[in-house]
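Single-structure report; data block below.
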Amino acid sequence: MWVVTVAQPKLQNGAELGEKNVFPVIFINNEWQNSESGKIFPVYNPATGEQICEVQEADKPDTDKAVRAARLAFSLGSVWRRMDASERGRLLDKLADLVERDRALLATMESLNSGKPFLQAFYVDLQGVIKTLRYYAGWADKIHGMTIPVGSAGSSISDGDYFTFTRHEPIGVCGQIIPWNFPLLMFAWKIAPALCCGNTVVIKPAEQTPLTALHMGALIKEVGKLIQEAAGRSNLKRVTLELGGKSPNIIFADADLDYAVEQAHQGVFFNQGQCCTAGSRIYVEESIYEEFVRRSVERAKRRVVGSPFDPTTEQGPQIDKKQYNKILELIQSGVAEGARLECGGKGLGRKGFFIEPTVFSNVTDDMRIAKEEIFGPVQEILRFKTMDEVIERANNSDFGLVAAVFTNDINKALTVSSAMQAGTVWINCYNALNAQSPFGGFKMSGNGREMGECGLREYSEVKTVTIKIPQKNS
Numbered sequence: 011m012w013v014v015t016v017a018q019p020k021l022q023n024g025a026e027l028g029e030k031n032v033f034p035v036i037f038i039n040n041e042w043q044n045s046e047s048g049k050i051f052p053v054y055n056p057a058t059g060e061q062i063c064e065v066q067e068a069d070k071p072d073t074d075k076a077v078r079a080a081r082l083a084f085s086l087g088s089v090w091r092r093m094d095a096s097e098r099g100r101l102l103d104k105l106a107d108l109v110e111r112d113r114a115l116l117a118t119m120e121s122l123n124s125g126k127p128f129l130q131a132f133y134v135d136l137q138g139v140i141k142t143l144r145y146y147a148g149w150a151d152k153i154h155g156m157t158i159p160v161g162s163a164g165s166s167i168s169d170g171d172y173f174t175f176t177r178h179e180p181i182g183v184c185g186q187i188i189p190w191n192f193p194l195l196m197f198a199w200k201i202a203p204a205l206c207c208g209n210t211v212v213i214k215p216a217e218q219t220p221l222t223a224l225h226m227g228a229l230i231k232e233v234g235k236l237i238q239e240a241a242g243r244s245n246l247k248r249v250t251l252e253l254g255g256k257s258p259n260i261i262f263a264d265a266d267l268d269y270a271v272e273q274a275h276q277g278v279f280f281n282q283g284q285c286c287t288a289g290s291r292i293y294v295e296e297s298i299y300e301e302f303v304r305r306s307v308e309r310a311k312r313r314v315v316g317s318p319f320d321p322t323t324e325q326g327p328q329i330d331k332k333q334y335n336k337i338l339e340l341i342q343s344g345v346a347e348g349a350r351l352e353c354g355g356k357g358l359g360r361k362g363f364f365i366e367p368t369v370f371s372n373v374t375d376d377m378r379i380a381k382e383e384i385f386g387p388v389q390e391i392l393r394f395k396t397m398d399e400v401i402e403r404a405n406n407s408d409f410g411l412v413a414a415v416f417t418n419d420i421n422k423a424l425t426v427s428s429a430m431q432a433g434t435v436w437i438n439c440y441n442a443l444n445a446q447s448p449f450g451g452f453k454m455s456g457n458g459r460e461m462g463e464c465g466l467r468e469y470s471e472v473k474t475v476t477i478k479i480p481q482k483n484s
């Protein structure tokens with residue numbers, strides 16, 4: 011069936027969300043249980059730096075217990091393995107219904123725990139969760155094999171009367187690790203295609219942001235079937251990885267300048283810059299470079315940084331002190347290596363992990379800020395002269411997750427999109443992600459694809475079955 015092993019920070023005595031409490035259970039095999047070790051860890055609000063609650067830690071014995079439960083749920087003859095595919099789809103649809111019911115609560119938890127603005131969590135993240143669950147619910151009974159004509163005359167390999175068909179079978183127990191930048195959305199991206207194909211799942215939420223995953227455990231229990239999500243490691247034979255990027259965004263002189271400035275701004279600063287897709291290497295054609303920088307700086311200075319629960323806020327805090335310090339250190343490296351700091355560059359000097367929206371110009375490809383994934387609100391603007399030059403420079407990276415090009419010339423757009431060594435290329439848009447389209451990277455940005463029909467292939471094996479029959483008829 012389904013499986014989830016999680017630590018549950020249910021607050022005691024009816025306490026309000028945000029008070030420091032711990033509820034000493036984890037979720038294994040559809041039951042809240044005590045952990046073997048009793049270990050706990052604190053969960054913080056990055057907007058204040060204050061502790062929200064303490065969460066029980068699933069250690070190795072708990073992980074082993076969770077994996078055993080997942081294997082048992084996947085065993086031949088189990089209720090999960092015998093369940094109709096359409097019923098799996100119905101269960102995913104029911105989970106989507108419950109997420110929709112609790113949308114405001116989940117968005118509140120996501121904002122409190124990760125620091126992202128509430129309106130973004132409600133209208134972007136939660137909408138993506140619901141759409142992903144419903145998309146894969148629809149796929150559940152449409153995963154099928156084919157019949158294959160074999161035994162052609164004169165074949166020394168397969169002469170004779172045979173009937174051959176293929177089956178798409180689930181691979182078994184899937185180990186899945188969730189990042190902290192989009193905790194709930196990535197939860198849906200991972201479990202939906204895996205469960206759709208009939209697998210069982212062991213999930214490790216990020217220790218910085220476990221709260222919405224824990225609530226999903228409660229919703230999964232409410233759906234009424236077994237799930238398993240474990241905060242542990244698994245010896246996997248198949249690996250699908252999305253490992254981040256340092257994505258190029260190429261702006262040609264013939265692009266709509268105001269539109270390109272805004273799209274480039276959102277492409278970097280969305281979600282506090284904590285996006286694997288962040289278009290942080292912005293290559294701007296030389297003839298419009300200075301004007302592009304000027305307008306980008308003006309836009310960054312207008313960006314509203316503040317409480318995630320203020321509806322005017324565009325940018326909340328970074329996830330934690332460690333990430334905050336890393337971003338500021340990389341900003342200082344940019345200054346030291348000769349980039350021009352146009353605006354920002356400092357913490358906001360208030361409680362919490364807030365950093366000013368930061369823009370660098372006169373950036374060169376050899377600088378750390380142009381090579382390393384900053385994962386923060388830092389925009390680097392580089393200049394280029396020719397299309398051939400910018401293609402070569404944009405591809406000169408260990409990463410290859412996404413790329414973008416802004417131009418009104420369709421020939422430029424198609425030439426650049428074909429040449430980019432990236433899993434996704436956007437033309438005159440940025441961060442245009444959806445449940446229907448495959449997502450993944452080239453080079454060090456990952457292995458395999460998530461989402462869309464391609465995402466199903468990672469969670470199933472193709473088996474060929476050939477039967478000897480008395481007589482074959484076409």
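Add 10 to a position in the sequence shown, counting from 1, and you land on the number used in my numbering. All C-beta atoms in this analysis are idealised placements derived from N, C-alpha and C, irrespective of residue type, glycine included.
Restricting attention to beta strand (DSSP E) runs no shorter than 3 residues, the segment 380-450 encloses them at 388-394, 412-416 and 434-437, ordered along the chain. When secondary structure is reduced to three states using DSSP, PHE173 falls in the strand class. Distance check between ALA114 and each of ALA274, ARG467 and VAL134 places VAL134 closest, using alpha-carbon atoms only. Distances from the alpha-carbon of ILE337 to those of PRO321, VAL314, PHE364 and ARG312 put PHE364 closest. In this structure, DSSP gives TYR299 a helical state, which the three-state scheme calls helix.
The beta-bridge partner set that DSSP reports for LYS453 consists of PHE409. In the DSSP annotation of this structure, the continuous segment of the alpha helix (DSSP H) that includes ARG78 starts and ends at 70-84. Put simply, of TRP42, SER470 and VAL472 the residue whose alpha carbon is nearest the alpha carbon of ALA228 is TRP42.
DSSP places GLU60 within a strand segment (E or B) once states are collapsed to three.
Selection ALA288, GLY433, GLY277 and PRO321 evaluated against ARG309 yields GLY277 as nearest (Cα-Cα).
Boundaries for ASN39: no beta strand (DSSP E) harbours it, and the DSSP string shows neither H nor E there.
Rounded to the nearest whole angstrom, the CA to CA distance from ALA414 to ARG91 is 43 Å.
In the three-state reduction of the DSSP assignment, GLY355 falls in the coil class. DSSP, reduced to helix, strand and coil, places PRO258 within a strand of the structure shown.
Rounded to whole angstroms, the Cβ separation of GLU64 and SER45 is 12 Å, and the two are not in contact under 8 Å. DSSP places SER96 in the helix class (H, G or I) of the three-state scheme.
Each residue's CA atom was taken as its position, placing GLU402 and CYS286 some 22 Å apart. Taken through DSSP and simplified to helix, strand or coil, VAL211 comes out as strand.
The alpha-carbon of THR322 is positioned some 29 Å away from that of ARG350.
Between the C-alpha atoms of GLY316 and GLU366 there is a straight-line separation of about 10 Å. The straight-line gap separating the alpha-carbon atoms of ARG78 and MET93 is approximately 20 Å.
At a Cβ-Cβ threshold of 8 Å, LEU267 and GLU301 count as neighbours.
When rounded, the separation of the alpha-carbon atoms in SER447 and GLY155 is 22 Å.
Only residues of its own chain outside the window of five on either side were considered, and among them PHE262 and ASP264 have a CB closer than 8 Å to the CB of ASP419, listed in chain order.
Distances from the CA of ASN441 to each of HIS275, ARG467, GLY359 and GLU60 were compared; the closest alpha carbon is that of HIS275. The beta carbons of THR368 and GLY355 sit about 5 Å from each other, so the pair counts as a contact at 8 Å. With a cut-off of 8 Å on Cβ pairs, the segment 330-348 is not in contact with the segment 292-306, counting fewer than three such pairs.
SER85 and ALA76 have their alpha carbons spaced roughly 14 Å apart. The Cβ atoms of GLU120 and ALA131 lie closer than 8 Å to each other. Inter-residue distance for PHE385 and ILE329 is about 10 Å (C-alpha atoms, whole angstroms).
Rounded to the nearest whole angstrom, the CA to CA distance from PRO327 to THR417 is 33 Å. For THR118, the enclosing alpha helix (DSSP H) stretches over residues 113-124. By the beta-carbon neighbour count (other beta carbons within 10 angstroms, threshold 16), ASP72 is buried. The beta-carbon distance between VAL183 and ALA80, rounded to whole angstroms, is 4 Å. This is short enough to meet the 8 Å contact definition. ILE201 carries a helical assignment under DSSP once its states are collapsed to helix, strand and coil. DSSP places THR219 outside both helix and strand once states are collapsed to three, so it counts as coil.
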